[in-house]
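Step one of this worksheet: look at the structure below.
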Amino acid sequence: MNSTPTRPVDAAQRSAFWQDVHTDHDVDGVSWWQSVPELSLSLVDATGVGVDRPIIDVGAGWSTLVDHLLELGYTDLTAIDLSTTALQVVRDRLGPAGEAVVLQMADVLDLHPARRYALWHDRAVYHFLTEPDEREDYLASLERCLEPGGHLVVATFGPDGPTTCSGLPIVRYTHAELAAQFPTYELLGTAGDEHHTPWGATQQFTAVHLRRPT
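238 is the number of the first residue of the sequence shown in this note's numbering; add one for each residue after it.
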């Protein structure tokens with residue numbers, strides 16, 4: 238893949254871009270890979286969402302979050318991504334134990350779900366949304382997906398984090414700046430992480446836990 242890719246600007250380009258990323262790299266050949274997503278797991282636990290409640294992980298890629306949530310007893314899990322290659326890796330990894338996990342190719346900027354979720358988790362998408370209209374589309378999808386009173390967990394690169402990821406520009410956020418992206422939501426907690434990439438670099442992550450009004 239080109240080391241300086243053209244920024245995808247529509248659904249078809251986004252899908253092609255992330256399909257290429259997950260086809261051209263091994264699982265541990267991307268900077269965001271974690272064998273144990275400790276920050277995400279701690280934030281999911283902090284929400285207090287019951288193990289039988291519906292949870293969606295957006296932009297999941299190869300993430301092991303659903304694997305660990307299954308092990309913890311969560312039973313209603315959905316993961317979406319633009320890469321069918323990434324989702325097939327997750328399906329193969331989960332095996333029979335993950336038959337009930339919904340793995341769906343979908344664009345987080347244009348979600349029209351048949352149901353709502355108690356928890357929306359995003360560690361991989363929001364900081365790629367550099368344009369206001371993209372953030373507006375994300376918020377519209379969130380509003381369609383998250384039930385009133387539902388929990389929102391979002392992580393992005395922090396103010397000292399990288400300025401690009403997979404060759405694409407990103408937006409870095411402080412806790413306050415990230416929470417302000419969701420002005421009607423109640424801020425319940427903040428967290429951070431110094432993520433170590435598979436090749437030893439350190440990336441600062443900022444995360445917030447918010448709740449949608451009832």
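Heads up, the beta-carbon is just placed ideally off N, CA and C, and yes, glycines get one too.
Just how far apart, CA to CA, sit residue i and residue j?
i	j	result
T427	L415	10 Å
P350	T439	36 Å
T321	Q256	7 Å
R251	A283	32 Å
R372	F394	16 Å
A316	L340	5 Å
G287	R244	39 Å
T443	T411	7 Å
P333	V303	14 Å
I'd like to confirm the pairing. Which residues does DSSP put opposite residue i in its beta bridges?
i	result
A428	A444
C402	L405
F394	F442
L356	I292, H388
L383	Y354
Taking the alpha carbon of residue i as the reference point, which residue from the options has its own alpha carbon closest?
i	options	result
P450	A334, L280, L383	L383
V391	R244, L307, V246, L278	L278
I292	T411, G332, R353	R353
H446	D289, A355, L319	A355
Give the DSSP-derived three-state secondary structure of residue i in the structure shown.
i	result
Q341	strand
A313	Note that residue 313 is Asp in the sequence shown, not Ala. It is coil, neither helix nor strand.
Does residue i pass the burial test, meaning 16 or more other C-beta atoms within 10 Å, or should it be called exposed?
i	result
P369	exposed
S300	buried
L309	exposed
P274	buried
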